[in-house]
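What follows is a single structure, written as structure tokens, with notes after it.
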Amino acid sequence: MAETMAPLRKTALNAVHRAAKSKMVDFGGWDMPVDCCGLIAEHMAVRTAVGVFDVSHMGDIQLRGPGSLAAVQQLCMNDASKLAVRQAHYSAMLHPNGTFVDDVVVHKLSDNDYLIVINAGTREKDVQWVRKQIGHMPGVHVNDFSDYYTQLAIQGPRAAETLQKLTSTDLSTIKNYWFTWGQVCGLHNVMIARTGYTGEDGFEIYIPSDEPTSARVWGEVLEAGSEFGILACGLGARNTLRLEAGMALYGHEISDTINVFEAGLGRYAKLDKGEFVGREALAKIQAEGGPGRKLVGLEMIERGIGRDGYTVFSLEGKRLGEITSGSPAPFLKKNIAMAYVPVDFTALDTEVAVEIRGQMVKAKVVPLPFYKRAKKSA
Amino acid sequence: MAYPADYRYTKEHEWIQVDGNIGTVGITDYAQNSLGDIVYVDLPKVGDAVEAAKTFGSVESVKAVSDLFSPVTGKVTAINEELKDAPEKINAAANTTWLLKVELADAKQIDGLLTAADYEKFTNEETGH
Numbered sequence: 001m002a003e004t005m006a007p008l009r010k011t012a013l014n015a016v017h018r019a020a021k022s023k024m025v026d027f028g029g030w031d032m033p034v035d036c037c038g039l040i041a042e043h044m045a046v047r048t049a050v051g052v053f054d055v056s057h058m059g060d061i062q063l064r065g066p067g068s069l070a071a072v073q074q075l076c077m078n079d080a081s082k083l084a085v086r087q088a089h090y091s092a093m094l095h096p097n098g099t100f101v102d103d104v105v106v107h108k109l110s111d112n113d114y115l116i117v118i119n120a121g122t123r124e125k126d127v128q129w130v131r132k133q134i135g136h137m138p139g140v141h142v143n144d145f146s147d148y149y150t151q152l153a154i155q156g157p158r159a160a161e162t163l164q165k166l167t168s169t170d171l172s173t174i175k176n177y178w179f180t181w182g183q184v185c186g187l188h189n190v191m192i193a194r195t196g197y198t199g200e201d202g203f204e205i206y207i208p209s210d211e212p213t214s215a216r217v218w219g220e221v222l223e224a225g226s227e228f229g230i231l232a233c234g235l236g237a238r239n240t241l242r243l244e245a246g247m248a249l250y251g252h253e254i255s256d257t258i259n260v261f262e263a264g265l266g267r268y269a270k271l272d273k274g275e276f277v278g279r280e281a282l283a284k285i286q287a288e289g290g291p292g293r294k295l296v297g298l299e300m301i302e303r304g305i306g307r308d309g310y311t312v313f314s315l316e317g318k319r320l321g322e323i324t325s326g327s328p329a330p331f332l333k334k335n336i337a338m339a340y341v342p343v344d345f346t347a348l349d350t351e352v353a354v355e356i357r358g359q360m361v362k363a364k365v366v367p368l369p370f371y372k373r374a375k376k377s378a
Numbered sequence: 001m002a003y004p005a006d007y008r009y010t011k012e013h014e015w016i017q018v019d020g021n022i023g024t025v026g027i028t029d030y031a032q033n034s035l036g037d038i039v040y041v042d043l044p045k046v047g048d049a050v051e052a053a054k055t056f057g058s059v060e061s062v063k064a065v066s067d068l069f070s071p072v073t074g075k076v077t078a079i080n081e082e083l084k085d086a087p088e089k090i091n092a093a094a095n096t097t098w099l100l101k102v103e104l105a106d107a108k109q110i111d112g113l114l115t116a117a118d119y120e121k122f123t124n125e126e127t128g129h
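Note that the protein sequences, when read in sequence, are chains A and B. First residue of the first sequence: 1, per my numbering; consecutive thereafter. First residue of the second sequence: 1, per my numbering; consecutive thereafter.
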């Protein structure tokens with residue numbers, strides 16, 4: 001039975017999650033908390049106050065050396081030459097046909113030093129891909145630092161106030177998708193990035209991955225946020241939060257059978273920056289008038305929840321495509337989904353039908369993202 | 001958590017409490033805990049027939065959907081209407097939040113169901129404890 005399977009991998013906080021009686025699941029080979037104290041409560045904490053996630057299963061590849069920028073440019077579709085030191089951006093590594101190896105966040109640590117944060121389930125594949133694509137390029141050294149960091153995501157409108165109690169770094173000076181290094185919980189030179197995967201303001205911090213340090217910082221973050229009602233959050237809330245925010249998840253909205261334009265991520269593909277893996281295919285798709293199908297947001301009109309893998313039909317009964325992610329949206333209090341449909345069915349308010357256990361249930365096309373946080377005037 | 005000793009249980013995590021020839025059916029605390037926050041319950045109509053070990057509806061949490069299996073054969077005499085607007089009551093009190101009431105076709109079917117002790121043993125095996 002289970003004994004014959006590869007053992008699940010654990011983050012440095014595994015014992016902490018188990019002691020807190022969080023519900024654990026196998027996520028891409030990792031034993032991760034899916035539900036810490038109730039998915040809806042966790043989701044609402046992040047939308048209205050603050051929540052903290054253990055995202056140490058994410059991978060971290062560092063490219064260093066005088067050839068590192070050229071390597072990042074070859075590997076990733078966004079234009080890393082536009083990044084300033086301490087700035088990050090969303091990007092992706094592509095196959096030559098323009099589909100996804102993985103989506104990533106590229107951080108420019110210094111002129112010859114980049115940190116690429118990758119997904120957990122694709123870690124080994126990504127590292128191999130990076131070495132294969134750019135290993136031969138001059139002046140670049142590739143390191144897999146995935147196991148060196150415990151990564152915590154502190155997310156929500158009170159995230160800055162929470163983390164500010166634990167650091168002397170003035171967090172108000174860090175803009176969205178920028179980062180710095182500072183002292184956090186007495187640890188020196190912690191990378192503090194204003195990034196996240198929830199659609200809220202928030203930070204991701206990268207601390208040493210030994211268990212005592214990880215457990216101590218986790219505890220201090222919970223303590224610091226307690227006055228705001230902070231909750232430890234699991235992957236369940238992480239998924240519903242990113243779904244409301246219309247963000248892609250590898251293996252769902254993006255994969256090696258879905259290209260950049262289909263996924264609606266063309267704005268991150270800089271075709272004029274020079275050569276990169278996948279550029280030629282994307283240029284061709286663009287020249288031929290764009291993709292035949294696109295990702296849309298759906299909102300259920302009739303009672304029912306369209307879930308991952310459910311089939312979407314036209315009202316006339318023609319099969320259109322599949323839901324890639326679907327769930328009740330705890331904050332919006334609607335049943336929402338993302339799905340691929342032919343471009344003729346992507347206009348807003350187009351009605352479609354989702355097959356839910358043998359029943360056709362009506363839904364309509366709505367704008368993505370489903371949820372957008374109010375911009376602060378500051 | 002304690003499973004009421006006067007209920008009987010299925011391996012699909014429903015409970016039934018029998019009073020005369022009427023059985024009251026719900027899902028167990030183990031089931032609600034596995035599902036997480038329940039957002040939707042799909043139940044048959046009063047007068048519909050249900051059959052032992054066959055599905056009669058479904059219960060959905062934010063992250064999953066799960067079929068409901070009838071512990072017994074019979075006719076639905078009532079459904080818990082308040083679950084339409086407040087399905088989360090199941091999370092709060094699974095042992096007392098009923099889904100439907102069934103007029104039993106054969107009261108002996110109850111003898112084939114798990115006792116509270118058997119059910120607890122079964123769930124402990126499922127979780128590997």
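For glycine and all other residues, C-beta sits at the position ideal for the given N, C-alpha and C. None of the values given here were measured: they were computed from a predicted structure.
DSSP three-state assignment for residue i, whether helix, strand or coil
i         : result
A/Lys-132 : helix
B/Ser-61  : strand
B/Ile-90  : helix
B/Lys-108 : helix
A/Val-221 : helix
A/Phe-370 : coil
B/Lys-45  : coil
A/Val-16  : helix
A/Asp-308 : coil
A/Asn-239 : helix
A/Met-1   : Residue placement at A/Met-1 is flagged as unreliable, the pLDDT there being 41, under the threshold of 50; a coordinate-derived value is accordingly withheld.
A/Arg-303 : coil
A/Val-55  : coil
A/Pro-212 : helix
A/Leu-109 : strand
A/Leu-249 : coil
A/Leu-387 : An answer regarding residue 387 of chain A cannot be provided, because it is not within the stretch 1 to 378 covered by chain A.
A/Arg-158 : coil
A/Ala-329 : strand
A/Arg-9   : strand
Under 8 Å between C-beta atoms of residue i and residue j
i         : j         : result
A/Val-50  : A/Phe-203 : no
B/Asn-80  : B/Leu-99  : yes
B/Ala-2   : B/His-13  : no
A/Ile-230 : A/Ala-45  : yes
A/Gly-321 : A/Ala-347 : no
A/Ile-40  : A/Asp-126 : no
B/Lys-130 : B/Ile-22  : No information on residue 130 of chain B is available, as it lies outside the stretch 1 to 129 that chain B covers here.
A/Ala-120 : A/Phe-27  : yes
A/Met-58  : A/Ile-118 : yes
A/Ala-159 : A/Asp-113 : no
B/Val-65  : B/Phe-56  : no
A/Gln-87  : A/Gly-274 : no
A/Val-142 : A/Thr-167 : no
A/Gly-246 : A/Pro-369 : yes
A/Val-105 : A/Tyr-90  : yes
B/Thr-28  : B/Ile-16  : no
A/Arg-131 : A/Ser-146 : no
Proximal residues of chain A, C-beta to C-beta of residue i below 7 Å
i        : result
B/Tyr-40 : Ile-305
Element boundaries [beta strand (DSSP E), containing residue i]
i         : result
A/His-188 : 187-193
A/Ile-356 : 351-356
A/Tyr-90  : 87-94
A/Met-300 : 293-300
A/Phe-203 : 202-208
B/Thr-127 : Counting along the chain, B/Thr-127 falls outside any beta strand (DSSP E), though it belongs to the alpha helix (DSSP H) covering 116-127.
B/Glu-14  : 14-19
A/Ala-232 : 231-233
Partners in chain B for residue i, counting only beta-carbon separations shorter than 9 Å
i         : result
A/Leu-315 : By Cβ distance, chain B contributes nothing, its closest Cβ being about 23 Å from A/Leu-315, past 9 Å.
A/Gly-38  : Gly-36, Asp-37, Asn-91
Span of the alpha helix (DSSP H) around residue i
i         : result
A/Ile-116 : That residue, A/Ile-116, is in no alpha helix (DSSP H); its beta strand (DSSP E) goes 113-118.
A/Val-46  : 39-48
B/Asp-29  : 29-35
A/Val-343 : Taken as a continuous stretch (DSSP letters only), A/Val-343 belongs to no alpha helix (DSSP H), as it is neither H nor E.
A/Lys-284 : 279-287
Contact set between residue i and chain B, taken where Cβ atoms lie within less than 7 Å
i         : result
A/Thr-240 : Val-62
A/Asp-35  : Gly-36
A/Pro-328 : Val-39, Val-62
Integer Cβ distance of residue i from residue j, believed to fall under 8 Å
i         : j         : result
A/Lys-372 : A/Asp-349 : In fact, because the Cβ distance is near 19 Å, the residues do not count as touching under 8 Å.
A/Ser-22  : A/Pro-33  : 4 Å
Any non-hydrogen atom of the ligand MG within 7 Å of residue i CB
i        : result
A/Asp-79 : Within the structure as shown, the ligand MG is missing, as the structure has no ligands at all.
Contact set between residue i and chain A, taken where Cβ atoms lie within less than 8 Å
i        : result
B/Val-59 : Near B/Val-59 there are no residues of chain A at all, since even the closest Cβ is about 11 Å away, more than 8 Å.
Listed by chain order, chain B residues near residue i by CB distance under 8 Å
i         : result
A/Gly-236 : Gly-36, Val-62, Lys-63
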